[in-house]
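Residue numbers (our numbering): 1214 to 1675. For glycine and all other residues, C-beta sits at the position ideal for the given N, C-alpha and C.
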Ligand SMILES: [Zn+2]
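Encoded structure:
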């Protein structure tokens, strides 16, 4: 059996390998085409085994696809070059373990090989909501298999732009993927709404989250700055559309020379079994502080933290152990930091409250919610910025607001005065893994830069 530590290590390796593999598949974008998007291969989940990485980097990966023409799986496997034990194993796993027993004309198979050895099979039901996969040890048997849902069906794109007007305009002029829409062009109102949503989400992630701590987008941005991004997209195969998911890596190169970079790293936090993506600077320091400044996207402080105040409902003075943010009913409430939900229920004067335990002895609470976020429970690990509920006025409350409180080592503290600690930096084995990823990205950024034209000359310059 694998020990948990060993499994974790394998996951780390596989993921960094996956990123390297994906980088390899991306060709530098072609500027002359008028689009700065380019990705040849549909590298979807980062599933390829560590053993195939060398082969992938050596450019020996071959993908053969075949269509299940008449509903006969065996024929399609044969057409894709899957024979012998691989054939027998694939049939058995698809039918008996993955329960994909009935195939239809139009279902697709994709088999990946390296040096003639099978490394992965994907079976993609036509019009389905995802695909089945089986990973193989090259020259060996099946390693792992599963089903990837459509909402997890992602791929990675590279984009590079030169800022000519605003960052937003540069991204939307140069940065829209050709297959954002089924036709490859923006023809309908729906297409343009999708395009605007894509760039809006992209820009929000870039300027409000990833680079917010390092770049002032009102004052710092200049014509001729360059932006390099690795973007994760969701694929909707049946409609041939893509949607923005998140940014994996970003490099902002100022025309004046300064460079701001943000690198990705996948890891498994101690309090969770989930693999999560975090962003770090080159030295392994996190880009984030441990907590957001406030738990709502907008809101006004209606009652600050205080040792004693006249309680508006109770009518007598008592301490206010938190900060109240007034906001309309239904406003999203965010977890201010990563942590585990330890309470999620109606609790006296707090009304509906969520309490979260974070690292370093911190705990936060969010009261008076109108409702909780779907799909969470006590014990759920939530990320910083994840929605945990919605503003309301349950419990002892005179109007819609969130009562936000923070404890450190069991004592109430004023969140506004707490010096927000940084997220722990990467260390040891994780730092070594991360640095390998940084080097892979550096090489890729360099290749992308070679293909960019020089910044445009200022018209009528003196
Ligand atoms: Zn309060």
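| Asked | Found |
| --- | --- |
| Close beta carbons around residue 1591, own chain, < 7 angstroms, minus the five adjacent residues each side | 1554, 1555, 1556, 1557 |
| Per-residue DSSP class, three states only, for residue 1460 | strand |
| Helix, strand or coil at residue 1298 according to DSSP, with G and I counted as helix | helix |
| Closest residue to residue 1601 among 1298, 1578, 1609 (Cα-Cα distance) | 1578 |
| Of the residues 1586, 1551, 1572, the one placed nearest residue 1566, counting alpha carbons only | 1586 |
| Validate contact between the region 1496 to 1516 and the region 1537 to 1546 using beta carbons, cut 8 angstroms, 3 pairs | yes |
| Cα-Cα separation, residue 1339 to residue 1321 | 7 angstroms |
| Sufficient close CB pairs (3 or more, under 8 angstroms) joining the region 1350 to 1363 to the region 1633 to 1647 | no |
| Contact under 9 angstroms by Cβ, residue 1440 with residue 1458 | no |
| Where residue 1420 falls: helix, strand or coil (DSSP) | helix |
| Short Cβ contact (9 angstroms threshold) for residue 1375 with residue 1383 | yes |
| Closest by C-alpha distance to residue 1604, when choosing among 1545, 1460, 1633, 1642 | 1545 |
| Same chain, Cβ closer than 6 angstroms to residue 1501, five either side skipped, listed in chain order | 1636 |
| Bounding residues of the alpha helix (DSSP H) (the contiguous stretch that carries residue 1289) | 1286 to 1292 |
| Range of the contiguous beta strand (DSSP E) that encloses residue 1534 | It is not in any beta strand (DSSP E) - residue 1534 carries neither H nor E in the DSSP assignment. |
| Where residue 1574 sits in the DSSP three-state scheme | coil |
| Candidates 1400, 1596, 1581, 1325, of which the one nearest residue 1561 by Cα | 1581 |
| As assigned by DSSP and simplified to three states, the class of residue 1348 | strand |
| Sequence-distant residues of the same chain with beta carbon closer than 8 angstroms to residue 1505, five excluded per side | 1547, 1549, 1550, 1597, 1598 |
| Coil, strand or helix - residue 1560 by DSSP | coil |
| Top-ranked residue by Cα proximity to residue 1552, from 1610, 1621, 1497, 1482 | 1482 |
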